[in-house]
Amino acid sequence: MDIGSGISSAYTSYLSSQASSKLDTHIKTKDYSQSSDEELLAACKEFESYFLEQIFKEMQKTVDVFKDEDSTPNDSLVDYFKDSTLQELASTSTEKEGLGLAQMLFEQMKRNYDL
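As structure tokens, this is what we get:
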């Protein structure tokens, strides 16, 4: 196992656990029944953006399979900016047109939870 990939994997696991615990705390402490339509739609768009980002990352993994085994010192820098670029692409995609997932989620939450 490559040391760099081991560190990357450990770092990814750490970030996932931190994000999960922060999300759990945020969900348990926030009362969504008093949220405005704009706040609820913004949360739905944020979810859609995160969902798209995960899709893009999984798509990138399929391309990385064909990558050369030789790594250069710039690979870690490229990976860093690749993640930032994927986040921005997902956010922009959601704001411009998106999949319509945010709108469907918003309508379903309004209907099912009487928000």
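What the sequence shown shows, in our numbering, is residues 107 to 221, in sequence order.
Each residue gets a CB set at the ideal place from its N, CA and C atoms; glycine is no exception.
Owing to the predicted nature of the structure, the values given are computational and were not obtained by experimental measurement.
Within a 10 Å sphere around the beta-carbon of Glu154 sit 16 or more other beta-carbons, which makes this residue buried.
Taken through DSSP and simplified to helix, strand or coil, Asn218 comes out as helix.
Leu205 and Asp220 have their C-alpha atoms roughly 24 Å apart. When the alpha-carbon of Ser199 is set against those of Glu152, Ser141, Glu144 and Lys167, the nearest one is in Glu152.
In the three-state scheme derived from DSSP, where H, G and I count as helix and E and B as strand, Lys163 is classed as helix. Judged by DSSP in its simplified three-state form, Ser141 adopts coil rather than helix or strand.
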